[in-house]
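Asker: Handing you this structure, nothing more for now.
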Amino acid sequence: MADWTLFEVFVRSKHGLNHKHVGSVHAADAEMAIENARDLYTRRSEGVSIWVVPSTAITATASDEKEALFDAADDKVYRHASFYELPDEVGHM
Amino acid sequence: MQRYDDLTELLLQLGDSAMVQAQRLCELVGGAPALEEEVALMNVGLDLVGQARNWLEYAAERINDGRTADDLVFHRDQSDYRNLLMVEQPNGDFGVTMAKQFLFDSWHYAMLQSLSDSSDERIAAVAAKSLKEVTYHLRRSSEWIKRLGDGTDESHTRMQAAIDKVWHYTFEFAMPAEYLAQLEADRVVPDASSLHQRWIGTVTSVLSEATLVQPEPAARNYLSGKDGLHSESLGYILAEMQFLPRAYPDANW
């Protein structure tokens with residue numbers, strides 16, 4: 000099983016709109032990955048739809064890029080929408 | 000051998016087959032080829048234990064001699080078991096394990112399909128619930144047959160050997176008409192006479208996609224699960240499964 004592929008698993012819950020990452024499984028092919036994901040992550044009514052993606056297909060940010068990518072905006076508070084007064088009619092946003 | 004009415008015999012065959020198949024799967028705890036596969040196999044086993052409970056509770060009510068479903072499972076000897084010969088066979092390598100699972104699943108699926116239209120409401124309800132689970136079991140085992148049959152040279156050779164090894168126990172899947180004729184007439188088991196045809200249809204399509212050779216129809220022999228005439232393998236399974244409740248009848252948890 001050493002040559003099995005690692006797949007990332009995304010599950011959409013019954014009332015959820017988007018698929019959320021729940022974990023990963025090893026499998027020989029995508030079809031098996033779906034079945035393994037079903038058996039590992041959705042036996043207790045957790046979801047109604049599953050996506051599996053080979054882990055190698057995901058490009059991720061590197062942890063040492065954290066400051067450059069994510070901290071830069073912290074001193075520019077005006078970028079956040081917290082200064083606007085929302086009319087009541089807009090409701091939850 | 001005690002023989003009950005046809006309906007009770009059918010319930011015992013369904014319940015015992017599910018129970019023995021589940022017990023065989025349990026042997027793979029800690030021994031499956033991959034963690035993911037082990038979880039999947041145990042899920043199938045758990046589904047089958049639940050189904051066995053439903054069938055055997057009904058059987059126990061009909062037998063009505065004070066025994067519960069648990070008593071039927073843990074305190075009957077092998078000649079009183081009615082399971083299919085297929086499910087009691089040793090697991091062998093993973094190819095044999097999957098060959099047995101697939102051949103059983105495809106029979107099970109065809110059987111439950113009929114039973115979900117049963118005139119007996121309780122049978123129809125249990126069958127409809129079980130059919131959802133078994134549809135998945137069949138999908139999973141079919142995928143494995145195709146993956147291994149149409150895989151590498153070695154996996155192909157071993158998958159073919161596995162099918163050939165257990166194939167002769169499929170003679171039971173073509174159940175003699177006399178056993179089910181009355182139940183079919185009463186619509187308790189609708190389509191019983193087409194059961195074999197529907198089963199072989201699934202098998203032919205999966206084996207051909209798996210590039211495997213389908214053996215000739217299996218010849219009947221002197222063994223018969225539904226008559227309590229089992230291969231020696233069943234005794235070993237029951238010895239392991241029944242030891243604790245027989246040695247410690249008051250054991251509880």
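Line by line, the protein sequences give chains A and B.
To convert, note that position 52 of the first sequence is 51 in numbering that gives the first Met the number 0; the numbers rise steadily by one, no gaps.
To convert, note that position 97 of the second sequence is 96 in numbering that gives the first Met the number 0; the numbers rise steadily by one, no gaps.
Virtual Cβ for every residue (Gly too), placed ideally from N, Cα, C.
Do M222/B and V165/B have their C-beta atoms within less than 9 Å of each other?
Answerer: Note on residue identity: the sequence assigns Leu, not Met, to residue 222/B. Not a contact, by the Cβ cut-off of 9 Å.
Asker: DSSP puts F6/A in a beta bridge; with which residues?
Answerer: Beta-bridge pairing links F6/A to V24/A, P53/A.
Asker: Is E153/B close to chain A, meaning its C-beta is less than 9 Å from at least one C-beta of that chain?
Answerer: So, not an interface residue.
Asker: Residue range of the alpha helix (DSSP H) that D149/B falls in?
Answerer: Looking at the DSSP string, D149/B is not in any alpha helix (DSSP H), and its letter there is neither H nor E.
Asker: Classify R138/B as helix, strand or coil using the three-state DSSP reduction.
Answerer: If DSSP states are grouped into helix, strand and coil, R138/B belongs with the helices.
Asker: By DSSP's criteria, L111/B is part of a beta bridge. Which residues make up the other side?
Answerer: Beta-bridge pairing links L111/B to no other residue.
Asker: What residues from chain B crowd round V24/A, counting only those whose CB sits closer than 8 Å?
Answerer: Within 8 Å Cβ-Cβ: E35.
Asker: Could you check whether F9/A and S54/A sit closer than 9 Å to each other, using their CB atoms as the reference points?
Answerer: Against a cut-off of 9 Å, the Cβ pair of F9/A and S54/A comes out as no contact.
Asker: Quick one: list the residues of chain B neighbouring W50/A, beta-carbon separation under 9 Å, in chain order.
Answerer: Residues of chain B passing the Cβ test: none, with the nearest at roughly 17 Å.
Asker: Verify the CB distance criterion: does R139/B have a CB-CB separation below 9 Å to chain A?
Answerer: Yes, R139/B lies at the interface with chain A (some Cβ there is under 9 Å from its Cβ).
Asker: May I ask you to list, following chain order, the residues of the stretch 35 to 55 of chain B that have a beta carbon less than 8 Å from some beta carbon of chain A?
Answerer: Correct list: E35, E36, V38, A39, N42.
Asker: Within 9 Å of any Cβ in chain B, is that where the Cβ of A27/A sits?
Answerer: Closer than 9 Å: yes.
Asker: For the alpha helix (DSSP H) that contains A58/B, what are its first and last residues?
Answerer: Unbroken alpha helix (DSSP H) run through A58/B: 34 to 62.
Asker: Which residues in the same chain as Y168/B place their Cβ atom closer than 6 Å to its Cβ, once the five residues preceding and following it in sequence are excluded?
Answerer: Within the same chain, Y168/B has close Cβ partners L84, M85.
Asker: Can you say whether I122/B is buried or exposed, counting buried as having 16 or more other CB atoms within 10 angstroms of its CB?
Answerer: Classification of I122/B: buried, given that the 10 Å Cβ count is 16 or more.
Asker: How many Å lie between V47/A and A51/B at the Cα?
Answerer: Distance between the alpha carbons of V47/A and A51/B is about 27 Å.
Asker: Could you name the residues of the same chain whose beta carbon sits closer than 7 Å to that of A127/B, not counting the 5 residues immediately before and after it, in chain order?
Answerer: Closer than 7 Å at the Cβ level, and outside the excluded window around A127/B, lie S115.
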